[in-house]
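Q:
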Amino acid sequence: MPESEFLNVTSVRKTFGGITALDDVSLTVEPGRVHGLIGPNGSGKTTLFNVITGFLRPDRGQVRFRGQTLTGLRPEKVAQRGVVRTFQSSLNPQQMTVMENMLLGPQGQVGEGLVNTVLRYRRMREQERANEKRAWEILSLVKLDHQADTYVGELSGGQKKLLSLGQMLMADPQLILLDEPVAGVNPKLIEDILTVIDRLRSDGYNFLLVEHNMRVVRRICDHVHVLDAGTVLADGPPHETLQRQEVLEAYLATQAGATDEEESS
Amino acid sequence: MIEFLIYLLTIIGIWGLLSLSLNVQFGLAGLINLGHIVFFMVGGYASAILVMFHGWPMPLAWIAAMAISALVGVIMTIPTATLRQDYWAISSLAFAEIIRFVLKNTPIQGDYIGASFGIPDIPQPLGDMLSTHGFYLFFLVLTLVLLALTYAVVEWITRSPYGRVLKAIREDDHVALALGKNVRSVRMRAMAIGGAIGGLAGAMFAHYNAFIQPNYFLPLETFLIWAMLLLGGKGNHLGAIVGTVVIELLYNSTRFLKDFIDIDQGVLSSARMVVIGILIILVVLYMPNGLVPEKRRRYARE
């Protein structure tokens, strides 16, 4: 598939009342790479995530994935086309166990139709068994296999991030959007998360991630897009792009010192 | 005494259906339905009207009552698309009251049937073939069979992948949406299932009591169902039944208390609501998961 046919965001504009959150944003995500979306707080990163995944409808512009338009689709339809996302803070049901959360991921479960739980009982059982097997594999990858029966509410922040990632993998996605995958996570677990992402990249998964930790961005991203005040300020390979004068200024102007702080945390 | 026991068990059975149906909606799907009694009311009226004025056979009328109440449940989900949970809760309370007022002001036949007079002389199943005592015994057995059947159905739902999706939207929609679940349809089906079960309970009550009137279906009744569920344990069907038993025992105990304590009947019947209210406060504070907390499903690696 030509590169231009993977994820294309074209001239997206989104306003909330008088505030312009995204102003004519265009960017392209290519397959086989980890794309980073960075920028100061309030620059529109999460809004863009919401627009791509159908949680928000843009005022103008278009999102296309593999040649099909995503704009205007409801979030579940976007997910069904293989574009899944995690959330900045864990929104996972706390009163469900890790395994139950994992089993929410797979698409096309016949048992989610009530009548089918009876009419297609055997197919449902087969799917459940296969999904459980896959869930155990992914849980070992994200190092949560010993916590399968733990309620999500009892996990640490970092473990919740790993669970979200694992859960999205259960959906067999084509593009994974990670919203701050390591924010608030202890350094040891950050390394685990990065190792998982590295491994998944070599397995052919595609990522677009929002992250404030610049060390992590340099380490994991092949390409970064810098947003500032709702527009794309710069884009390119991380090492070169992050050195650019306008990028440094954008960060310094809006959150003096914040990047250093986060880097050292 | 034995008559009272049969009565009590039958009422527990019918209200057990109501707590099970609320458990599907609230305990599993997290829908704060404050108008749950509407299903009971609509089911009762639908079955009574179909049997008495349209000549439907009773079993068919009960099934129709379930279908109509399920439809009511589906209609109630429409505002969930735009309203936040807490606002929806208020709208559900209002919805039930609106239906009650409509029934209260709509004559059904002649001047004295329907409206605030209610519907008298609702036929009882096998009522003319059995003795009074025989009928009540028969109805108890019927109630317990239907309760057991419903219990099996809701337990089945809970363990199915559909039940898992219900629990996934209980606290928040976002993750379910991000995983491609059609949350609106999932919710609609939960309301339909709960509605159908509540409608069955209503039809049974109408034909058991042989009389219904709009004032049987006050918001207070919804809160009693909530009390049963919170006390017993939301999310656990056994808990819903346990809660029903405890609350009904409390509710009916005043009947005997008046023999021991010299106190006005009216005061006593108000006092029992106070007791139930205090009980709920204590449960919410000190036992938030109820008497029989939700089970944790464990998975074993093969």
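Protein chains in written order, with my numbering: chain A, 1298 to 1562; chain B, 31 to 332. Here a beta-carbon is modelled for each residue, glycine too, at the ideal position from N, C-alpha and C. Only a predicted model underlies this, so the values are computations on that prediction, with no experimental measurement involved.
What whole-angstrom Cβ distance do A/Pro1403 and A/Met1467 have, given they're in contact under 8 Å?
A: 5 Å
Q: Under 8 Å: do the region 1435–1447 of chain A and the region 1468–1482 of chain A share three or more Cβ pairs, one atom per stretch?
A: These segments do not touch.
Q: What does DSSP give as the partner residues of A/Lys1311 in its beta bridges?
A: A/Leu1319
Q: Using the Cβ count rule (16 or more neighbours within 10 Å means buried), how would you classify B/Arg114?
A: exposed
Q: Going by beta-carbon coordinates alone, are B/Thr274 and B/Phe169 separated by less than 8 Å?
A: no
Q: So the beta strand (DSSP E) A/Leu1505 belongs to, where does it begin and stop?
A: Looking at the DSSP string, the run of the beta strand (DSSP E) that includes A/Leu1505 is Phe1504 to Val1507.
Q: Have a look at A/Lys1311 and A/Ala1318 and give me their C-alpha separation to the nearest angstrom.
A: Rounded to whole angstroms, A/Lys1311 to A/Ala1318 spans 6 Å at the Cα level.
Q: What residue range does the beta strand (DSSP E) around B/Gly43 cover?
A: Looking at the DSSP string, B/Gly43 is not in any beta strand (DSSP E); the run it does join, the alpha helix (DSSP H), is Ile32 to Leu52.
Q: Counting only beta-carbon separations shorter than 8 Å, does A/Arg1382 have a partner in chain B?
A: Yes - at least one Cβ of chain B is within 8 Å of the one on A/Arg1382.
Q: To which residues of the same chain is B/Met88 closer than 8 Å at the C-beta, ignoring the five residues directly before and after it?
A: Ser77, Val81, Pro153, Pro155 and His237
Q: Quick check: the region 313–325 of chain B against the region 1399–1419 of chain A, are at least 3 beta-carbon pairs closer than 8 Å?
A: By the Cβ criterion, the region 1399–1419 of chain A is not in contact with the region 313–325 of chain B, since fewer than three pairs of Cβ atoms, one from each stretch, lie closer than 8 Å.
Q: Pull the bridge partners of A/Asn1428 from the DSSP assignment, please.
A: None, per the DSSP bridge assignment.
Q: Whose C-alpha, out of B/Gly263, B/Phe235, B/Gly265 and B/Ile255, is nearest the C-alpha of B/Tyr37?
A: B/Phe235
Q: Please confirm whether B/Leu260 has its beta-carbon closer than 8 Å to some beta-carbon of chain A.
A: no
Q: By the three-class DSSP mapping on this structure, what secondary structure does B/Leu307 have?
A: The question names Leu, but residue 307 of chain B is Gly in the sequence shown. Correct three-state label for B/Gly307: helix.
Q: Using Cβ-Cβ distances below 8 Å, what residues of the region 168–187 of chain B are close to chain A?
A: Trp186 and Ile187
Q: Grab the span of the beta strand (DSSP E) containing B/Pro137 for me, first residue to last.
A: Pro137 to Gln139
Q: What residues from chain E crowd round A/Met1511, counting only those whose CB sits closer than 9 Å?
A: The chain inventory of the structure shown lacks chain E, comprising the protein chains A and B.
Q: Throw me the rounded Cβ distance for the B/Met221 and B/Thr107 pair, which I believe falls under 8 Å.
A: 5 Å
Q: If you draw a straight line from the alpha carbon of B/Tyr281 to that of B/Leu248, how long is it in whole angstroms?
A: Cα to Cα, B/Tyr281 sits roughly 16 Å from B/Leu248.
Q: Going along the chain, which residues of its own chain have a beta-carbon closer than 8 Å to the beta-carbon of A/Phe1303, five neighbours each way excluded?
A: Thr1325, Val1326, Glu1327, Pro1328, Phe1362, Arg1363, Leu1472 and Asn1503
Q: Considering only the alpha carbon of each residue, which of A/Ser1387, A/Ile1494, A/Val1449 and A/Leu1460 lies closest to A/Ala1432?
A: Answer by Cα proximity: A/Leu1460.
Q: For the candidate residues B/Leu230, B/Ala231, B/Arg194 and B/Leu287, whose alpha-carbon lies nearest to that of B/Arg217?
A: Minimum Cα distance to B/Arg217 is reached at B/Arg194.
Q: Considering only the alpha carbon of each residue, which of B/Arg285, B/Ala94 and B/Gly263 lies closest to B/Gly232?
A: B/Ala94
Q: Determine the chain B residues that contact A/Gly1402 at a beta-carbon separation under 8 Å, and present them in chain order.
A: By Cβ distance, chain B contributes Leu209.
Q: Whose Cβ in chain B lies nearer than 9 Å to the Cβ of A/Ile1376?
A: Sequence inspection shows Ala at residue 1376 of chain A; the Ile mentioned does not correspond to that position. Near A/Ala1376 (Cβ distances below 9 Å), the residues of chain B are Leu207, Ala208, Leu209, Gly210 and Lys211.
Q: DSSP three-state label for B/Ala330, please.
A: coil
Q: A/Leu1539 to A/Ala1531, Cα distance in whole Å?
A: 9 Å
Q: At 7 Å on the CB atoms, spell out the chain A contacts of B/His204, in chain order.
A: Phe1384 and Leu1388
Q: Helix or strand or just coil, what does DSSP make of B/Val195?
A: helix
Q: Is the shortest distance between the beta-carbon of A/Ala1318 and the beta-carbons of chain B less than 8 Å?
A: Judged by the 8 Å Cβ criterion, A/Ala1318 is not in contact with chain B.
Q: Suppose only complete runs of 3+ residues qualify. What are the beta strand (DSSP E) ranges in the region 1496–1549 of chain A, listed by chain order?
A: 1504–1507, 1520–1525 and 1528–1533
Q: Does the CB of A/Glu1429 have a neighbour CB from chain B at under 8 Å?
A: yes
Q: For A/Leu1411, go through chain B and note every residue whose CB falls closer than 8 Å to its CB, in chain order.
A: Ile187, Ser190, Tyr192, Arg219 and Ile223
Q: Which residues does DSSP pair with B/Tyr316 in a beta bridge?
A: In DSSP, B/Tyr316 forms no bridge with anything.
Q: Could you name the residues that DSSP lists as bridge partners for B/His84?
A: B/His84 is not bridged to any residue.
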